[in-house]
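Undergrad:
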Amino acid sequence: MHLTDKRRLAKLILCVPLGLAGAAAVRFFILLPVFYDELLESYPALRPVYEGLGMAGWIGALRASCLIAGALFVGSAVCGLLLDGLGPLRLLRKCYGAAYILFLEYALIVSHATGCLQENNLVVNGVQADSVTVFFWAWAFLRPAAAAVLLFALIHLTSWRRAAINAYTGESDSSPGPGDLLVENIRTHGADPLFRKSIWASVGIHVFVILILPWLLSMGGCVEDYRVPKGSGMPEVATVRVVKKKPKKKKYLLNPQSAILFNFPDLDDSPTLKDVEEMTQLTYAADPTRVLGGKLGTGGKGPGGWPDGMENAKVRFIRLEYNGRGWDDGMDSVSRADRNFLEYFRKLTGFKVADASESHSISMLRKYRKGFAPPFVYMTGDGAINVTASEVLILREYLLDGGMLFADCGSPQWDKSFRSFVQVLFPGESLRVISDDDPIFQLPFCFPNGAPPLWHHGGSRAMGIKHQGRWVVFYHPGDINDAWKTGHSGMDPELVKGAYEMGVNIVYYAFTRYLELTRKYRK
Numbered sequence: 036m037h038l039t040d041k042r043r044l045a046k047l048i049l050c051v052p053l054g055l056a057g058a059a060a061v062r063f064f065i066l067l068p069v070f071y072d073e074l075l076e077s078y079p080a081l082r083p084v085y086e087g088l089g090m091a092g093w094i095g096a097l098r099a100s101c102l103i104a105g106a107l108f109v110g111s112a113v114c115g116l117l118l119d120g121l122g123p124l125r126l127l128r129k130c131y132g133a134a135y136i137l138f139l140e141y142a143l144i145v146s147h148a149t150g151c152l153q154e155n156n157l158v159v160n161g162v163q164a165d166s167v168t169v170f171f172w173a174w175a176f177l178r179p180a181a182a183a184v185l186l187f188a189l190i191h192l193t194s195w196r197r198a199a200i201n202a203y204t205g206e207s208d209s210s211p212g213p214g215d216l217l218v219e220n221i222r223t224h225g226a227d228p229l230f231r232k233s234i235w236a237s238v239g240i241h242v243f244v245i246l247i248l249p250w251l252l253s254m255g256g257c258v259e260d261y262r263v264p265k266g267s268g269m270p271e272v273a274t275v276r277v278v279k280k281k282p283k284k285k286k287y288l289l290n291p292q293s294a295i296l297f298n299f300p301d302l303d304d305s306p307t308l309k310d311v312e313e314m315t316q317l318t319y320a321a322d323p324t325r326v327l328g329g330k331l332g333t334g335g336k337g338p339g340g341w342p343d344g345m346e347n348a349k350v351r352f353i354r355l356e357y358n359g360r361g362w363d364d365g366m367d368s369v370s371r372a373d374r375n376f377l378e379y380f381r382k383l384t385g386f387k388v389a390d391a392s393e394s395h396s397i398s399m400l401r402k403y404r405k406g407f408a409p410p411f412v413y414m415t416g417d418g419a420i421n422v423t424a425s426e427v428l429i430l431r432e433y434l435l436d437g438g439m440l441f442a443d444c445g446s447p448q449w450d451k452s453f454r455s456f457v458q459v460l461f462p463g464e465s466l467r468v469i470s471d472d473d474p475i476f477q478l479p480f481c482f483p484n485g486a487p488p489l490w491h492h493g494g495s496r497a498m499g500i501k502h503q504g505r506w507v508v509f510y511h512p513g514d515i516n517d518a519w520k521t522g523h524s525g526m527d528p529e530l531v532k533g534a535y536e537m538g539v540n541i542v543y544y545a546f547t548r549y550l551e552l553t554r555k556y557r558k
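Using my numbering, the letters of the sequence shown correspond one by one to residues 36 to 558.
1) Which first and last residues belong to the beta strand (DSSP E) in which PHE509 is found?
2) Grab me the residues of THR521's own chain with a C-beta within less than 7 Å of its C-beta, minus the 5 sequence neighbours each way, in chain order.
3) Have a look at LYS46 and PHE352 and give me their C-alpha separation to the nearest angstrom.
4) Within the stretch 38–105, note down every full alpha helix (DSSP H) run reaching 4 residues or more, in order along the chain.
5) To the nearest angstrom, how far is the alpha carbon of SER396 from that of GLU356?
6) Determine the contact status of PHE441 and PHE482, defining contact as a CB-CB distance below 8 Å.
7) Would you identify the three-state DSSP class for TRP545, choosing helix, strand or coil?
8) Classify PHE230 as buried or exposed, calling it buried when 16 or more other Cβ atoms lie within 10 Å of its own Cβ.
9) Tell me which residue opens and which closes the beta strand (DSSP E) that ARG354 is part of.
10) Nearest CA to the CA of GLY205: which residue from ILE144, GLY120, LEU116, GLY340?
11) Given a cut-off of 8 Å on the beta-carbon distance, is the pair THR333 and THR547 in contact?
12) Quick check: the Cα distance between LYS41 and SER209, rounded to an integer number of angstroms?
13) With DSSP collapsed to three states, give me the class of ALA188.
14) Just the C-alpha distance for ALA58 and ARG82, rounded to the nearest angstrom, thanks.
15) Are three or more beta carbon pairs between the stretch 60–74 and the stretch 94–102 nearer than 8 Å?
16) Could you give the first and the last residue of the continuous alpha helix (DSSP H) run that contains PHE230?
17) Between the beta-carbon of ALA106 and the beta-carbon of TYR141, is there less than 8 Å?
18) If you draw a straight line from the C-alpha of ALA188 to the C-alpha of SER398, how long is it?
19) Which one of TYR379, ASP517, LEU550, LEU248 has the shortest CA to CA distance from ASP364?
20) Where do the N-terminal and C-terminal ends of the alpha helix (DSSP H) with LYS451 fall, by residue?
21) With which residues is PHE441 paired in a DSSP beta bridge?
22) Can you look up HIS502 in the DSSP assignment and give me helix, strand or coil?
23) In the structure shown, what three-state DSSP assignment does TRP341 receive?
24) Using CA atoms only, rank isn't needed, just tell me which of LEU377, LEU400, PRO52, PHE176 is closest to ALA389.
25) Going by other Cβ atoms of all chains shown within 10 Å of its Cβ, with 16 needed for buried, is PRO30 buried or exposed?
26) So, for GLY494: in the same chain, excluding its five sequence neighbours on each side, which residues have a beta-carbon less than 6 Å away from its beta-carbon?
27) Thinking just about the alpha-carbon of each residue, which of SER146, ALA164, LEU49 is nearest to the one in VAL113?
28) For PRO264, which residues from the same chain have a beta carbon less than 6 Å from its beta carbon, with the 5 sequence-adjacent residues on both sides left out?
29) What's the C-alpha gap between GLU73 and PHE456?
30) In chain order, what residues of the same chain lie with their CB nearer than 7 Å to the CB of GLY485, ignoring the 5 residues before and after it?
31) For SER396, report the span of its beta strand (DSSP E) as first-last.
32) Cutting at 6 Å between CB atoms, please list the residues of its own chain near GLY437, excluding the five before and the five after it.
33) Label GLU536 either buried or exposed according to how many other C-beta atoms from any shown protein chain fall within 10 Å of its C-beta, with 16 as the threshold for buried.
34) Is GLY525 helix, strand or coil by DSSP?
35) Any idea what DSSP makes of ARG360, helix, strand or coil?
36) With burial defined as no fewer than 16 other Cβ atoms inside 10 Å of the residue's Cβ, what is the status of VAL326: buried or exposed?
In C-alpha cells form, the structure reads like this:
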C-alpha cells in the first residue's frame with residue numbers, strides 16, 4: 036500500500052468513529068426526554084421516586100453534555116480528516132478523553148435511576164427490585180455505551196502509535212511511539228509475565244462469569260419456522276336450530292249477559308321476561324361432522340388447510356416460559372395437557388401435529404422470521420408473573436405483528452397478576468368481555484353463551500384485548516388446561532368436549548387472522 040494511502044487510512048480509523056459517535060450523541064440529546072416521558076407513563080410508580088431524586092435535573096445535565104460532546108466530536112472529526120499537524124491529533128485525543136467522561140456521567144445516572152428502585156422496594160413488571168435484578172437492569176442500559184467506550188479506548192491507543200503520529204506529521208520516523216511501547220508491554224506481559232498472566236486470567240474469568248455468560252444465556256438458541264397447514268377448507272360449522280313450539284292460544288266464547296266475571300290480566304301479569312325469552316330462544320349446536328376428516332380451514336371445500344399456509348406443516352402448541360410458579364402446569368408426561376389437545380386436534384382435522392409439547396422463553400419470540408412466527412402462544416400459571424421490561428416489549432411486538440396470546444388462568448392469584456401484566460403490556464388498556472356472538476365463539480364450533488367458564492378462577496366470562504379489530508389477547512378465566520389433562524381432573528365428559536372445542540376455535544381464529552395479516556411477508 037502506498038504511503039499516502041496508509042496515512043489516509045490511519046486518519047479514517049481515527050476520525051470516522053468519532054464523527055459517528057458525535058451524531059449518536061446529538062440523537063441521544065433529542066430522544067432522551069421522549070424516552071424519559073414514556074418511561075414515566077408506562078411505570079407511574081416511578082414518577083414520585085424520580086421527582087424526589089431530582090432525576091429531571093440529571094437528565095437535563097446529561098442532555099447538555101451530549102449536545103456539547105456531539106458538536107465537539109463532529110467538528111474534531113472533520114478537522115482530523117482535512118488538516119495535518121499535531122494540533123488536530125491532540126484535539127482528537129482530547130475528544131477520546133471527553134468520551135470517557137460522558138460515559139461516566141451516563142453510568143452515574145443509570146446507577147441512580149436503577150438503584151433507587153431497590154431502595155424504595157418497587158416492583159417493576161412483577162419483579163421485585165433486589166440487588167441482582169438491579170445490576171442486570173443497569174447493565175442492560177450500560178452495555179451498548181460500554182462497548183462504544185471500549186472501541187474508543189482502542190482508537191485512543193492507536194492515536195499514540197507511530198503510524199498515526201506519522202500520518203499527521205508527514206514524517207517517516209520508525210522509532211516506536213508511546214502506544215507501540217504499551218502494546219509491546221501488553222504482548223510480552225512485562226517484567227513479570229507470570230504475575231501479569233495471572234491478573235489477566237482473573238479479570239477474564241470475572242468478566243465472563245458476571246457479564247458475558249448471563250448475556251449469552253439470555254440470547255437462547257435458534258427457532259424453527261412455524262408452519263400452518265396449506266390447503267383449503269370450510270370455516271363454517273353446520274348448526275342445528277331448535278325452535279320451541281309455542282302453545283296454541285285458547286279461544287273463549289263469552290256471553291256478555293252472564294253473571295260470571297272474566298278478568299283479563301294485563302301485560303305485567305304475564306310470565307316474566309326471562310320465561311318469555313326462554314320460550315322463544317333459538318338453541319344452536321355445532322355439527323362436528325363438518326370438520327371431521329380434515330375439512331377445517333378457509334378457501335372453500337378441500338382436504339383442509341389455509342391457502343396461505345405452508346407445505347409439510349405440523350400444528351405445534353407452544354407455551355411461554357417465564358419466572359413464575361406453574362407456567363409448565365400440565366406439560367409433564369402424566370398430565371399431557373398440550374399433547375392431549377394436539378391429539379384431539381389431529382383426530383378432528385386430520386392435520387399433522389407435533390410429536391411433543393414445546394415451550395420457550397418470551398425473548399425467543401423475536402427470533403422468528405416475520406410471517407413464520409407462532410400464530411398463538413399459550414400462557415398459564417398459578418402464582419405471580421415475573422417478566423423483564425425487554426420481555427414485555429418483545430411480547431408486545433409479537434402481538435402487534437399478528438400473534439395472539441392465549442392466556443389460561445390457573446388460580447385467583449394468577450388472575451390478579453395477569454390483569455396487572457396486561458396493563459403493562461398494553462398501557463391504558465384493560466381486559467374486556469368478549470361478546471357471545473364474536474366470531475371466536477362461532478367457528479368452527481358455536482358457543483351461544485361464550486366460552487365455558489369451567490373452574491372460573493378469574494370470573495365466568497372470557498375476556499381479551501383487541502387491536503385494530505383483532506383479538507391479540509384471549510383470556511380464559513377457568514383453567515381450560517385442567518380439562519385437557521389426562522383424567523380431565525374429574526370433569527364431566529360433555530364439559531371436557533366443550534373445553535377441547537373451545538381450544539379448536541382459538542387455534543382456528545389465530546391461524547386465520549395471522550395468515551391474513553402477515554401474507555405480505557411470505558411472498
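C-beta atoms are modelled at their ideal positions from N, C-alpha and C, and glycine is treated no differently.
TA: Straight from the coordinates:
1) That run of the beta strand (DSSP E) goes 505–511.
2) The residues are VAL369, SER370, ARG371, ASN375.
3) Put simply, the backbone Cα of LYS46 is about 56 Å away from that of PHE352.
4) Within the stretch 38–105, the runs of alpha helix (DSSP H) that reach at least 4 residues and sit entirely inside it are, in chain order, 38–77, 81–88.
5) Going from the Cα of SER396 to the Cα of GLU356 covers about 5 Å.
6) Cβ distance not < 8 Å, so PHE441 and PHE482 don't count as in contact.
7) First, the residue type needs correcting, since residue 545 is Ala and not Trp in the sequence shown. Helix, per DSSP.
8) The residue is exposed, with fewer than 16 neighbouring Cβ atoms inside 10 Å.
9) Run containing ARG354: 353–356, per the beta strand (DSSP E) assignment.
10) Answer by Cα proximity: GLY120.
11) In contact: THR333 and THR547 (Cβ atoms closer than 8 Å).
12) The alpha-carbon separation between LYS41 and SER209 amounts to approximately 14 Å.
13) For ALA188, the secondary structure class from DSSP, reduced to helix, strand or coil, is helix.
14) Pairing ALA58 with ARG82, the inter-Cα distance amounts to about 30 Å.
15) Flag = yes, the stretch 60–74 and the stretch 94–102 touch.
16) Counting along the chain, the alpha helix (DSSP H) containing PHE230 begins and ends at 228–242.
17) Between ALA106 and TYR141, the gap from beta carbon to beta carbon reaches 8 Å or more.
18) So the two alpha carbons sit approximately 32 Å from each other.
19) Checking every option, the nearest Cα to that of ASP364 belongs to ASP517.
20) Residues 447–460.
21) Residue pairing by DSSP places PHE441 opposite TYR413, PHE509 in a beta bridge.
22) Correct three-state label for HIS502: strand.
23) Here TRP341 sits in strand by DSSP.
24) The candidate whose alpha carbon is nearest that of ALA389 is LEU377.
25) Because residue 30 is not part of the residues shown, which for the chain are 36 to 558, the question remains open.
26) Excluding residues within five positions, the ones whose Cβ falls inside 6 Å are PRO512.
27) Selection SER146, ALA164, LEU49 evaluated against VAL113 yields LEU49 as nearest (Cα-Cα).
28) Here the set comprises GLY340, GLY344, ALA348, PHE386.
29) Distance between the alpha carbons of GLU73 and PHE456: 17 Å.
30) Same-chain partners within the cutoff: ILE469, ASP471, PHE476, ARG496, ALA497.
31) Its beta strand (DSSP E) spans residues 393–396.
32) Cβ neighbours of GLY437 beyond the five flanking positions: TYR549, LEU552, THR553.
33) Burial call: buried.
34) Shown here, GLY525 sits in a helix according to DSSP, grouped into three states.
35) Residue state, collapsed to three classes: coil.
36) Confidence in VAL326 is poor, its pLDDT being 47 and thus under 50, which makes the residue's placement unreliable; the coordinate value appears in the next sentence. Its Cβ being crowded by 16 or more others within 10 Å, VAL326 is buried.
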